[in-house]
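Residue numbers (UniProt numbering): 1 to 374. Ideal placement from N, C-alpha and C gives every residue a C-beta, glycine not left out. The model shown is predicted, which means the values in this text are computed figures rather than measured ones. Report on one structure; see the data block that follows.
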Amino acid sequence: MGLATLLGDGMLVERSAGLADEYCRKLAQAMVVSCIGLDAAVLGFAMGALGKAMHISSAAEMLHGAGSFLKGCLLDCVVPLLDADAGCALTDALLNEESILRDRVQSLLEGILAANNSVTDLVEQHTLCDEDVVPLVYASISAMFCSGEILSSGIGANLFESIRRSSRSFLRIVFEAHVSQRLWILEEILASLARLQACKRAQSMHHIAGGKSVQFTTVLLLQLLQTTAKSPEDLSAGFEGSDHSAKECRMLLQRHKKAVSAAASSTDFAIRYLIGRCTRRDGKATPIETEYRALLEAFINDCTVLLGHPQWPAAELVVRVYSYHILEILDEDKSDIAMKNMALEGAAQIASHIAHQSSASDSGADKRSDDKGL
1 MGLATLLGDG MLVERSAGLA DEYCRKLAQA MVVSCIGLDA AVLGFAMGAL GKAMHISSAA
61 EMLHGAGSFL KGCLLDCVVP LLDADAGCAL TDALLNEESI LRDRVQSLLE GILAANNSVT
121 DLVEQHTLCD EDVVPLVYAS ISAMFCSGEI LSSGIGANLF ESIRRSSRSF LRIVFEAHVS
181 QRLWILEEIL ASLARLQACK RAQSMHHIAG GKSVQFTTVL LLQLLQTTAK SPEDLSAGFE
241 GSDHSAKECR MLLQRHKKAV SAAASSTDFA IRYLIGRCTR RDGKATPIET EYRALLEAFI
301 NDCTVLLGHP QWPAAELVVR VYSYHILEIL DEDKSDIAMK NMALEGAAQI ASHIAHQSSA
361 SDSGADKRSD DKGL
């Protein structure tokens, strides 16, 4: 019996019934077998990253098998396990410090992290086919937004945070290399974020200069958007010096415009996706639409906080694209009242933040002038 099946059976057992010793023994054995499989997957990914697997006739099958196994462990085992209901007997058994299952879960997470790091190294060196990448992307997104009783109790919390970081690195690389998959990846991330409770989205914060902080989910989205365009330093590097002909300058400009347009296209999709799911034509918001609206408001608020920070150029792009869409909604006669209200609130949110920032900047300048006068 496989690990996923055993876990599924254990989650159905109520706390009052408890788990049989024989079941716990089989579950521990299944976790050991999965750890061995993950070790084999690490070896396969490592060979692929070094280029050695590419000379083997069955290299494609080997990498596909390793990826499928990692995806299965993440999606069918680890995510359901960590999201297990607090009231089931399996959760009690895993939280028991004397249970062998606790150590086995730790080993399983260590194997997942090693395989995740290896596949990230692989995609950094070689571009895999979409058939192999898509399942891994879906599994990585699911892992990033996993939360549950077991993690909150401290079991494997640090390890799983490392798995999340590794998954983010994997997604950034894939997002940059697989252009045809970008919109699907964005859609899946946004849908996962909307399903995640707002209080859990706000638990992980990213601190920035000035004592401020933004949600880590905002950082993830901005990192993905920024992978599709070069940084401002790279954009200007090609024009240094005066040895370029007019033709060469036009070619450089064209290439740089193309790089920026890719980021603008992805940003436009993300904003349109969120706006389209915030309101219904009949004006009656459902719980999921309320979550999408909260997600959009938090995302835009974070981006306005990040305006002017050189390491987050995508924040300005997000605010600009969002402003364009809400002004378009206000200008269209066919926009209903609910959409116009949302657009007005969005415009007020941005204007208020910019006015506050401008006022704070002026106050700081006046204070510096007074200090100099003294």
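In the structure shown, Q311 adopts coil according to DSSP, grouped into three states. By the neighbour-count criterion, in which 16 or more other beta carbons inside 10 Å mark a residue as buried, P313 falls on the buried side.
Per the C-alpha coordinates, the member of A143, H356, A298, R272 positioned closest to Y322 is R272. In this structure G10 is not in contact with A30, their Cβ atoms being roughly 11 angstroms apart against a cut-off of 8 angstroms. Pairing V174 with L136, the inter-Cα distance amounts to about 10 angstroms. Excluding five sequence positions before and after G346, the CB atoms of its chain that fall closer than 6 angstroms to its own CB belong to I326, given in chain order. Relative to L295, the option among C24, L128, E98, I275 whose CA is nearest is I275. Separation of the CB atoms of G87 and L38 is rounded to 30 angstroms, and the pair is thereby denied contact status at 8 angstroms. Within its own chain, the residues whose Cβ lies closer than 7 angstroms to the Cβ of F269, once the five positions on either side in sequence are excluded, are L183, L186, listed in chain order.
Secondary structure at V260: helix, using DSSP grouped into helix, strand and coil. Here DSSP, grouped into helix, strand and coil, assigns S68 to helix. The alpha helix (DSSP H) runs lying completely inside the region 75-116 and spanning 4 residues or more are 79-82, 89-95, given in chain order. If the five residues before and after F170 are omitted, its C-beta is found closer than 6 angstroms to the C-beta atoms of T120, S140, all from its own chain and listed in chain order. According to DSSP, H206 shares a beta bridge with V214. S245 counts as exposed, since fewer than 16 other C-beta atoms from the protein chains shown sit within 10 angstroms of its C-beta. Ranked by how close their Cα comes to the Cα of Q357, the residues N301, H178, I163 have N301 in first place. Sixteen is the threshold: when 16 or more other Cβ atoms of the shown chains lie within 10 Å of the Cβ of G44, as they do, the residue is buried. Judged by beta-carbon spacing, Q223 lies within the 8 angstroms limit of R172, meaning their Cβ atoms are closer than that value. One thing to note: L344 has its Cβ no nearer than 8 angstroms to the Cβ of A264. Around the beta carbon of Q226, 16 or more other beta carbons sit within 10 angstroms, so the residue counts as buried. Membership of C35 in the alpha helix (DSSP H) is indicated by the continuous run 21-50.
Ranked by Cα distance from L306, the options G210, T228, E332 are led by G210.
In the same chain as L6, and ignoring 5 residues on each side of it, the C-beta atoms closer than 7 angstroms to its own belong to K26, L27, A30, in chain order.
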